[in-house]
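Start counting the sequence shown at 3; every next residue gets the next number (the working numbering).
To start, the structure itself, in structure tokens.
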Amino acid sequence: MVRIISYLTFSGNCKEAMTFYQKCLGGELQIQLVGESPGASALPHSIHRYVLQAELRNGSVEMMATDLVGDDGLKPGNTVSMMIFCKTKKEFNTYFKKLSTGGTIIQPAKKNFWGVWFGTLQDRYGNYWLLQFS
């Protein structure tokens, strides 16, 4: 069975927001900054302090977040996405293909610099999806 969780997008204040949510909801918070990532040397130094990925877990409460926003910036509709963690590459490909039908592929499905298959899309109803398989 796949897991689907909420994925929040911020514009520079992700660490502050996720720390606030941790104080409200409890749990363990893990934060990785862009500058700490394996691909940091290929990215502009100006974003090294941004959160690449944050994850808050407390029992059944699970949230993820980032400061990395697309070229359009933050706008209503793109601040919350659904993230699907797939168990197999076939599952990943199937969901990506079906969800992107009639929609827009934002980041094509491919193996990325942190070694997992990843892709993002906006479905035909305007909702954003992030899919991952490792």
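Even glycine gets a Cβ: it sits at the ideal position worked out from N, Cα and C.
At which residues does the alpha helix (DSSP H) containing residue 152 begin and terminate?
-> Past the boundaries of the shown model lies residue 152; the chain is included only from 3 to 136, so the question cannot be answered.
Looking at C-alpha atoms only, which residue of 129, 86, 76 is the closest neighbour of residue 7?
-> For this step, residue 7 is matched to residue 5 along the sequence shown. It is 86 whose Cα lies nearest to the Cα of residue 7.
Test item: CB-CB of residue 68 and residue 11 under 7 Å | Here the question's residue 68 lines up with position 66 in the sequence shown. Here the question's residue 11 lines up with position 9 in the sequence shown. Yes, Cβ-Cβ distance for residue 68 and residue 11 is below 7 Å.
Local conformation of residue 9 per DSSP, three classes = Translated into the one-based positions of the sequence shown, residue 9 becomes position 7. DSSP places residue 9 in strand when its eight states are reduced to three.
Cα-Cα separation between residue 2 and residue 119, rounded to whole angstroms | With the chain covering only 3 through 136, there is no way to say anything about residue 2.
My guess is that residue 88 and residue 133 are in contact by the Cβ rule of under 8 Å, so how many angstroms apart are they, rounded?
-> As a first step, residue 88 is located in the sequence shown; it is residue number 86 there, counting from the start. As a first step, residue 133 is located in the sequence shown; it is residue number 131 there, counting from the start. Contact flag correct, Cβ pair sits at about 6 Å.
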